[in-house]
Each structure stands twice: as structure tokens, then as C-alpha cells.
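Residue numbers (the numbering used here): 1147 to 1480. Working notes, structure below.
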Amino acid sequence: MTDFFQAPWHRIGWQGIELTVPDEWNIAGIGGGRDEGYLRLEDAELPRVEVKWADASGFVDIDKMVDGYLQKLRKDRKVARDIQIDKKARVVSKRRMNKKALQCFTWSAGLNGYGAAWYCPEASRTVITQITTKPEEKGPQLAERVISSIQDYAQGDWIRWASYGFDVQTPIGFKLTAHKMMAGHIQMTLKRDVLADNARSIVLQNLVTPEQLTLSRWGMANITLKKMTLHEWAEQEMGKSLKRMKPDLQPAEVNGHEAVAVTGQQLWAHQQLARIVARFADVPYADRVSGLIWHCPEANSLHVVQMLIDIGSEDLPAEIAARFICHSHEDTDT
């Protein structure tokens, strides 16, 4: 049996939600978006953490929210038989969570569940979470440590995305549109609505291309780079994603690692007028590619930050790359 309190822990981040869990626990299920979503973490044997969040305003009935959650739990054939529920249990304190509207609960049905639900006034968001443990594990201590580590909204102007060795921050204005989580390869695509604050007409809304950010991490870099150099791999990878365009690749450095800087302009003849109109209207127009590709020997991984951006965002790829944690293992004893 793993002693989770002696083993390493790591930080998980998704859609503004962050929490610290044992290294063996990782993302196995996700749904929804920033306004309303779901996150499930598992280890090799069973689901360990479930977090659900939703935007809310006005009066929020936390007790009713917990009742609804437990009602669904009673209908779950895997746990419903002989389930025992305690809505008055103390799992984590309001003081430690800094939440006035908080309710805890526990359940047992072969396995043990420890949960909490609350309303976060700073984010106008409700959160409900539960931790599942085996009878022989230190369930109460494990649940308290995990739940008390939860950060339920993004702090500042950046959102953290972290799982399976992938750990990066992106500007809060970018929203996730696609993702891949496969063995040895994680990729995320995000877009920023460049017209959100500047839209003046339907013409401009149809005219402007949103800025797009692609973030990738590949494992087993030693195998890839055994057959080619980093520059050759970058050229090959960019050729796949930037069809009909030959970007310029130059030597660079990211976080002390060997890197390749990618630049290019994605502008066809029919787009030139659109760009002129956008510039005249003082509206961002994403017409150029900028990115960084680097090799992290410590983590044996390859990383890509690639953006389709407006000229006013030229410094952003380097700033995001600097926030990409590729090999350090931070102290997460929170």
C-alpha cells in the first residue's frame, strides 16, 4: 500500500481550478468549460477526486446542492448498495478553506468518500468535490489535505494548466477550444476573442481572425532526437501544422535549453484589404505566426509554444514559454 504522505505530490490545473494531489493521481475525465465544468482524477486502481464547478449569482443553497449530489450517488450501482451517508461530518474547516458557505459530507460503501461544497463570492462560483479512499488508507487526513489545497478560480491574469508533466500558464483571455491527452503527447489549443472589447460592427466581427495559441509536450525526446537535430524536428513539425507556408527558423534559448524560434506571416492576397481595415479600425488582426520549440534534457521532453497573433502580441510567445515548467519539481506541500 502506498503511503501517500511519504510519496511526492504534484499540482493539477484545469480551467482555473487547481489542487495538489499524490503524483499517482492524474486527470482521467474532463468536461465543460470555465463557466461550468467537471474534473476527475484517477490512479491505476480507482477514481480518486471529482470536482464540479459552475458560475452562480445571488442566493446559493449549498445544502440543496449537496442533496442533489448525494441523490445521484445513491443511484450509482457501484456505491449505492448499503451506502451510509453523513451530512454533518467534518472534513475540512470553513476557516482553513476561508469559505463562509461550506458544507461537508462523508459516505461509505466498501470505499470511503469525503466531500465538501461551497460558494466562492470572489469568483461567483459554486464548487463541489469529493475524495475517494480505501478503508486501509488515512482517508480523513488525505481528504483534508487535498480539499484544502483547492484554488477555485484563477489568481490574476493567468490560468495554470498542469497534468502528466505538462505545466504552463496562459493569459486569462484565451479559452480552451481543443485538447489531446495521449501517452507521450499532450496538446492544447486556445483562442482569444480579439473583438471582445473592441467590436464595433458585424463587418468587423466577420473580418477579424482570432488569435490562436497551441501548446504541446512530447515525451521520449531522446528517441526523436537520435534520428534528427532539434532544428530538423522543428522544421518537420512546423511543416505539418503550417501548410502552404514556410516559416523562418532561427536558433534560440528557452529556460536555459536549446531552442528554435519560429516566425512567419500568414497573409494571402485577399487578406491584405481585411488587415488594412482592421488596422484603420484599431482592431487586432492575427496574421502572423510566432513560436518557440525547445528540448528539455532533464525531463527528456520536447515543447512547443506556437501562436497565430496580432503584431501587438509579438512578445507573448516568449512570455508563455518562460512560464512553461518543463523539468523542475516544485514543493507542493500545501
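C-beta atoms are modelled at their ideal positions from N, C-alpha and C, and glycine is treated no differently. In this text the structure is predicted, and so the values were computed from the model without any measurement.
Residues near residue i by beta carbon distance below 7 angstroms, same chain, minus five either side
{"i": "Arg-1236", "result": "Cys-1250"}
{"i": "Tyr-1299", "result": "Gly-1162, Cys-1266, Glu-1268, Ala-1269 and Arg-1271"}
{"i": "Asp-1394", "result": "Thr-1409 and Gly-1410"}
{"i": "Leu-1187", "result": "Ile-1158, Val-1167, Trp-1171, Asn-1172, Ile-1173, Ala-1174, Arg-1194 and Val-1195"}
{"i": "Cys-1178", "result": "A quick correction: the sequence has Gly, not Cys, at residue 1178. The residues are Tyr-1184."}
{"i": "Asp-1303", "result": "Pro-1317 and Ile-1318"}
{"i": "Asp-1232", "result": "Phe-1251 and Thr-1252"}
Short Cβ contact (8 angstroms threshold) for residue i with residue j
{"i": "Leu-1333", "j": "Ser-1362", "result": "At residue 1333 the sequence reads Gln, which differs from the Leu that was named. Cβ distance < 8 angstroms, so Gln-1333 and Ser-1362 count as in contact."}
{"i": "Gly-1162", "j": "Ala-1308", "result": "no"}
{"i": "Asn-1401", "j": "Cys-1472", "result": "yes"}
{"i": "Gly-1285", "j": "Asn-1258", "result": "yes"}
{"i": "Ala-1432", "j": "Glu-1357", "result": "yes"}
{"i": "Asp-1228", "j": "Ala-1202", "result": "no"}
{"i": "Trp-1253", "j": "Leu-1288", "result": "no"}
{"i": "Gly-1319", "j": "Arg-1306", "result": "no"}
{"i": "Leu-1336", "j": "Lys-1326", "result": "no"}
{"i": "Ala-1398", "j": "Leu-1438", "result": "yes"}
{"i": "Glu-1404", "j": "Ser-1436", "result": "no"}
Same chain only: Cβ atoms within 6 angstroms of residue i, ignoring 5 sequence neighbours per side
{"i": "Ile-1466", "result": "Val-1451"}
{"i": "Ala-1342", "result": "Bear in mind that the predicted position of Ala-1342 carries a pLDDT of just 47, short of 50, making it unreliable; the figure below should be weighed with that in mind. Taken in chain order, the list of residues that qualify is empty."}
{"i": "Ile-1348", "result": "Bear in mind that a pLDDT of 49 at Ile-1348, under 50, signals an unreliable position, so the number given afterwards is only what the model happens to contain. Closer than 6 angstroms at Cβ, skipping near neighbours: no residue."}
{"i": "Gln-1315", "result": "Trp-1304, Arg-1306 and Arg-1469"}
{"i": "Phe-1151", "result": "none"}
{"i": "Tyr-1355", "result": "Just to set this straight, residue 1355 is Thr in the shown sequence, not Tyr. Once the five neighbours on either side are set aside, the close Cβ partners of Thr-1355 are Ala-1432."}
Euclidean distance between Cα positions of residue i and residue j
{"i": "Gln-1134", "j": "Thr-1279", "result": "The structure shown does not extend to residue 1134, since the chain spans only 1147 to 1480, so no value can be given for it."}
{"i": "Arg-1180", "j": "Trp-1171", "result": "22 angstroms"}
{"i": "Pro-1317", "j": "Val-1406", "result": "23 angstroms"}
{"i": "Ala-1153", "j": "Gly-1214", "result": "35 angstroms"}
{"i": "Arg-1291", "j": "Glu-1182", "result": "24 angstroms"}
{"i": "Ala-1445", "j": "Gly-1365", "result": "8 angstroms"}
{"i": "Asp-1149", "j": "Gln-1297", "result": "25 angstroms"}
{"i": "Gln-1301", "j": "Glu-1378", "result": "39 angstroms"}
{"i": "Asp-1189", "j": "Gly-1458", "result": "43 angstroms"}
{"i": "Leu-1359", "j": "Met-1453", "result": "5 angstroms"}
{"i": "Thr-1246", "j": "Gly-1311", "result": "Thr is not the amino acid found at residue 1246; the sequence shown has Lys there. So the alpha carbons of these two residues sit roughly 34 angstroms apart."}
{"i": "Gln-1230", "j": "Leu-1248", "result": "21 angstroms"}
{"i": "Lys-1234", "j": "Ser-1295", "result": "21 angstroms"}
{"i": "Trp-1440", "j": "Glu-1381", "result": "12 angstroms"}
{"i": "Arg-1469", "j": "Lys-1221", "result": "43 angstroms"}
{"i": "Ser-1447", "j": "Leu-1388", "result": "22 angstroms"}
{"i": "Ser-1239", "j": "Asp-1313", "result": "29 angstroms"}
{"i": "Ile-1455", "j": "Met-1384", "result": "16 angstroms"}
{"i": "Glu-1087", "j": "Ile-1176", "result": "Residue 1087 is absent from the model: the chain starts at 1147 and stops at 1480."}
{"i": "Leu-1371", "j": "Arg-1434", "result": "28 angstroms"}
{"i": "Gln-1443", "j": "Glu-1191", "result": "Looking at the sequence shown, residue 1443 is not Gln but Pro. Taking the straight line from one Cα to the other gives about 31 angstroms."}
{"i": "Gly-1204", "j": "Met-1328", "result": "40 angstroms"}
{"i": "Lys-1386", "j": "Ile-1293", "result": "42 angstroms"}
{"i": "Leu-1376", "j": "Ala-1324", "result": "26 angstroms"}
{"i": "Arg-1242", "j": "Lys-1392", "result": "54 angstroms"}
{"i": "Val-1212", "j": "His-1449", "result": "41 angstroms"}
Check: residue i C-beta below 7 angstroms from any heavy atom of the ligand FMN
{"i": "Ile-1173", "result": "Annotation note on the ligand FMN: not contained in the displayed structure, which lists no ligands."}
Other residues of its chain near residue i: CB distance less than 8 angstroms, five sequence neighbours each side excluded
{"i": "His-1331", "result": "Ser-1362, Arg-1363, Trp-1364 and Gly-1365"}
{"i": "Met-1374", "result": "Gln-1382"}
If contact is defined by three or more beta carbon pairs under 8 angstroms, each pair taking one atom from either stretch, is the stretch 1195-1204 in contact with the stretch 1266-1277?
yes
Are three or more beta carbon pairs between the stretch 1203-1213 and the stretch 1262-1271 nearer than 8 angstroms?
yes
Segments of 4+ residues assigned as alpha helix (DSSP H) that fall wholly inside the stretch 1432-1468:
1462-1468
Hey, which unbroken runs of the beta strand (DSSP E) at 3 residues or more fall wholly within the stretch 1292-1321?
List check, beta strand (DSSP E) in window: 1304-1309 and 1312-1317.
Secondary structure, beta strand (DSSP E): runs of 3+ residues fully inside the stretch 1218-1254:
1230-1232
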